[in-house]
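In structure tokens form, the structure reads like this:
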């Protein structure tokens, strides 16, 4: 597992595109921070906060789905996975090593970019609230985590990079771009008394939407969601650890399910490769 983790880190750091993404994030975040250089300090949920969160929602899931799926699909395509199948390495260890390696490298990249952008903002006299900066950072890292895991699952279903790319773009388009339309269409088919419960249940299917709502509530912007989310707003507004424990439990469940699905798919492919 740790050998796979180190291999993923080494591959990421050797790629020029890795450092291109660092520059991309620095430029994008710096310009967004500088938009409010003449405004009061960032605190709570503001228009610029919504703009930054929406931008992160569009970019991070797509990049992470593609990176996560390519990390496995590329090895399927070039035969490296078949070679690894001859070693005494369990599929679970392979999957966990891939996930840890991708998460470590991508978190380092975003942390570096975010830190440089904050420093650039401070140099131009942009005032940041510590709570605002930390909340936005953890929102991005949480998005990165969930969609990298989903990308690895997609990679376990794929045999080529083209197939992985197609599935990744489809999943991204559905969960990010098409989700509001799909949600409204589904809720219109239900009796009115069931709409509230269905809305909260469907929320946990889409990690991006769940994270967006949680962090907007944590930034005291829960009023924008209306009456349907009053229960969630009061739950996540608590300062106690119980709301964070609920989110951690959700994260753990998603991670375990994703690892089990990836393990099952790759074990099946491993057995097929060993029969040839």
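In the numbering used here, the protein residues as written are 646 to 921. The beta-carbon is built from N, C-alpha and C at its ideal position, and this holds for glycine as well.
How about residue i and residue j: are their beta carbons less than 8 Å apart?
i: residue 901; j: residue 852; result: no
i: residue 703; j: residue 865; result: no
i: residue 848; j: residue 858; result: yes
i: residue 786; j: residue 755; result: yes
i: residue 673; j: residue 757; result: no
i: residue 653; j: residue 770; result: no
i: residue 813; j: residue 904; result: no
i: residue 649; j: residue 742; result: yes
i: residue 707; j: residue 817; result: yes
i: residue 713; j: residue 799; result: yes
i: residue 778; j: residue 768; result: no
i: residue 840; j: residue 832; result: yes
i: residue 792; j: residue 709; result: yes
Which of the three DSSP states is assigned to residue i in this structure?
i: residue 773; result: strand
i: residue 734; result: coil
i: residue 751; result: helix
i: residue 826; result: helix
i: residue 724; result: coil
i: residue 838; result: helix
i: residue 865; result: coil
i: residue 646; result: coil
i: residue 851; result: coil
i: residue 714; result: helix
i: residue 762; result: helix
i: residue 701; result: helix
i: residue 660; result: coil
Residue i and residue j look like a contact to me (Cβ under 8 Å); what is the Cβ gap, rounded to whole Å?
i: residue 722; j: residue 806; result: 6 Å
i: residue 717; j: residue 657; result: Not confirmed; about 14 Å, so no contact.
i: residue 726; j: residue 809; result: Wrong, their Cβ atoms sit about 13 Å apart, outside the cutoff.
i: residue 705; j: residue 820; result: With 8 Å as the limit, residue 705 and residue 820 do not qualify as a contact, their Cβ atoms being about 12 Å apart.
i: residue 728; j: residue 739; result: Wrong, their Cβ atoms sit about 12 Å apart, outside the cutoff.
i: residue 679; j: residue 693; result: About 10 Å separates the two Cβ atoms, so there is no contact after all.
Taking C-alpha atoms, which residue in the options lies nearest to residue i?
i: residue 752; options: 790, 767, 734; result: 790
i: residue 695; options: 781, 649, 768; result: 781
i: residue 910; options: 828, 893, 736; result: 736
i: residue 761; options: 739, 774, 676, 692; result: 676
i: residue 699; options: 680, 903, 854, 841; result: 854
i: residue 892; options: 733, 784, 678; result: 784
i: residue 915; options: 861, 647, 731; result: 731
i: residue 917; options: 744, 804, 719; result: 804
i: residue 744; options: 764, 646, 836, 664; result: 646
i: residue 896; options: 775, 663, 850; result: 850
i: residue 776; options: 888, 862, 765; result: 862
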